[in-house]
Structure formats: C-alpha cells, structure tokens
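Asks: Each residue of the sequence shown is one higher than the one before, counting from 53 in my numbering. Okay, here's the structure, questions in a sec.
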Amino acid sequence: MSLAIVEIVEKKGPLTDLDLHKELKSSFGEVSFRELNKNLMKLELGGVLRVSRLMKNKRQVELAGKF
C-alpha cells in the first residue's frame, strides 16, 4: 500500500489525509485510517513523504522531494 500512497500523491500533488484515505478506499476497498497512518509514518521516516498539520484533525501529505 505504501507504493500506492506515493503514486497517488505523485499524480495528484499535495492532498489532505482524508482525501488520500478516500482515494485508497476506492482502489483497495476497506482501508482503516489506522493502517493509513502506519504507512504514512513509515514513508515519512524513510524521507519519502512529508506530513504536516493543517488543522486539528487535518494533515497535508506531500512528497518530500524528487527521487
């Protein structure tokens, strides 16, 4: 699922975690928000993505850089 997350963000550009969750649900069926957060954390620690807080319950997901 990590690869799918990177592909979606690469194709659509920066988007919120809620929009990313909707995209993943349309591709994979039922995807828990917990599973999404786990994958986002792995990708952020690996330096692939950057996740920043927009509001209390909203985060922006974007590529960390060109690789």
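Note that CB positions come from ideal geometry on N, CA and C, so glycine has one too.
Where does Glu82 sit, in a helix, a strand or coil, going by DSSP?
Replies: Glu82: coil per DSSP, three-state reduction.
Asks: Contact defined as beta carbons within less than 8 Å: I believe Ile60 pairs with Leu95. What is the distance between those atoms, to the nearest angstrom?
Replies: Not a contact, Cβ separation roughly 12 Å.
Asks: Is it true that the CB of Leu72 sits closer than 8 Å to the CB of Val113?
Replies: Contact: yes.
Asks: Could you give the distance in angstroms between the alpha-carbon of Phe80 and the alpha-carbon of Glu87?
Replies: Phe80 and Glu87: Cα-Cα distance of roughly 12 Å.
Asks: Label Leu97 either buried or exposed according to how many other C-beta atoms from any shown protein chain fall within 10 Å of its C-beta, with 16 as the threshold for buried.
Replies: Looking at its Cβ environment, which holds fewer than 16 other Cβ atoms inside 10 Å, Leu97 is exposed.
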